[in-house]
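All residue numbers for the sequence shown refer to UniProt numbering, where the first residue is 1 and numbers rise by one. Don't be surprised by glycine CBs; every beta carbon is placed ideally from N, CA and C.
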Amino acid sequence: MVEHCPPSAWNRVRHRVEYARDVHPPRLTPAGEIVHRRALTLLAEQDDLLAELNALRGLQRGELRLGLPPIGSSQLFAPVFATFRARYPGIDIRLVEHGSKRLEEVLRAGEIDLAGLLAPVPAEFDFKLVRQEPIVVLIAASHPLSQASELELAQLSALPFVLFESGFALNPIILEACQQVGFTPHVAARTSQIDFMIELVAAGLGIGFLPRMMAEQRRHSGVRTVGLTAPALTWHMALAWRRGAYLSHAAQAWLDLIEPAR
Numbered sequence: 001m002v003e004h005c006p007p008s009a010w011n012r013v014r015h016r017v018e019y020a021r022d023v024h025p026p027r028l029t030p031a032g033e034i035v036h037r038r039a040l041t042l043l044a045e046q047d048d049l050l051a052e053l054n055a056l057r058g059l060q061r062g063e064l065r066l067g068l069p070p071i072g073s074s075q076l077f078a079p080v081f082a083t084f085r086a087r088y089p090g091i092d093i094r095l096v097e098h099g100s101k102r103l104e105e106v107l108r109a110g111e112i113d114l115a116g117l118l119a120p121v122p123a124e125f126d127f128k129l130v131r132q133e134p135i136v137v138l139i140a141a142s143h144p145l146s147q148a149s150e151l152e153l154a155q156l157s158a159l160p161f162v163l164f165e166s167g168f169a170l171n172p173i174i175l176e177a178c179q180q181v182g183f184t185p186h187v188a189a190r191t192s193q194i195d196f197m198i199e200l201v202a203a204g205l206g207i208g209f210l211p212r213m214m215a216e217q218r219r220h221s222g223v224r225t226v227g228l229t230a231p232a233l234t235w236h237m238a239l240a241w242r243r244g245a246y247l248s249h250a251a252q253a254w255l256d257l258i259e260p261a262r
């Protein structure tokens, strides 16, 4: 049983206790020291994690994995590269270049975030149309048909073709159209280089095909560009990504810079 103490006595006890605490402050046990150090580390790691996530959301750092085809990329995407780099200097762009068919494979495997593909785009991908251009025929200036303003595809059945390598999606567009009008072309040569294809056409080896935009930007004195009809063929470039997959902030920022197809 505690006896009653006058207020003055309690004050003297409290003063002695407070004085004792000042002289001997509380100390952590060895186990408490370990927990305390670990807690500080976890808090620091949490701060680092939040800062890193905020940097990614703010596009201050990160990586964009981009796959583009050799045909048309310089005209369509070089200005976007410059704008993207100016706005997001901390984002690294890892670029791979293949024909559309190979790009479909690496996109499907998740090795890249976005791929430049020719429409029609497989149903497993979402996409944004970037550009559509009529496909024109390139003919040596010395050939009589080079003076025409337009040519039907059937008029070209006797001429050898200069096509791109088999992985390029432009080839099936041309070959399927030939089958529709009733012939299978003789392929004189294949190449993966636009400039080399144009030189082969100028040398008279055969005729070539390009989207009009690219043909106009690569004019050659020995080559004429002629419109194509019956059927008229169109080149549709799209940027695609895996349907339902996570689209990074960097990839979304790239898409936001792409103007709708015209």
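Extent of the continuous alpha helix (DSSP H) run through residue i
i           : result
Arg108      : Ser100 to Arg108
Val201      : Ile194 to Ala202
Arg212      : Arg212 to Gln217
residue 314 : Since the first and last residues shown for the chain are 1 and 262, residue 314 lies out of range.
Residue i vs residue j beta-carbon contact at 7 Å
i      : j      : result
Arg243 : Asp113 : no
Ala202 : Gly222 : yes
Glu152 : Thr229 : yes
Ala240 : Val121 : yes
Arg61  : Gly90  : yes
Leu233 : Ile135 : yes
Pro70  : Glu97  : yes
Trp235 : Leu64  : no
Ala238 : Leu117 : yes
Leu59  : His249 : yes
Gly67  : Ala141 : no
Beta-ladder partner(s) of residue i, from DSSP
i      : result
Thr234 : Pro134
Ile91  : Gly62
Thr229 : Glu152
Glu97  : Leu68
Phe127 : Ala240
Gly208 : Leu138
Val35  : The partner list for Val35 (beta bridge, DSSP) is empty, contrary to what the question assumes.
Boundaries of the beta strand (DSSP E) in which residue i is found, first to last residue
i      : result
Leu175 : Note, Leu175: premise wrong, no beta strand (DSSP E); alpha helix (DSSP H) at Leu170 to Gln180.
Leu115 : As written in the sequence, residue 115 is Ala, which differs from the Leu given in the question. From DSSP, the beta strand (DSSP E) with Ala115 extends over Leu114 to Leu118.
Ala189 : Val187 to Thr191
Phe183 : Segment: none, Phe183 is in no beta strand (DSSP E) and carries neither H nor E.
Leu163 : Phe161 to Phe164
Whole-number beta carbon distance between residue j and residue i, since they are thought to touch under 8 Å
i           : j      : result
Gln75       : Met213 : 6 Å
Lys101      : Ile258 : So it is not a contact: roughly 22 Å between Cβ atoms.
Gly167      : Gly99  : 3 Å
Ala177      : Pro231 : 6 Å
Leu225      : Leu138 : Looking at the sequence shown, residue 225 is not Leu but Thr. Contact holds; Cβ gap of about 6 Å.
residue 348 : Leu145 : Nothing about residue 348 can be read from this structure; the chain reaches only from 1 to 262.
Arg218      : Asp195 : 7 Å
Beta carbon proximity, residue i to chain C, threshold 7 Å
i      : result
Leu163 : The structure shown contains no chain C; it holds only a single protein chain.
Could you tell me whether the region 155–169 touches the region 192–212, where touching means 3 or more Cβ pairs closer than 8 Å?
yes
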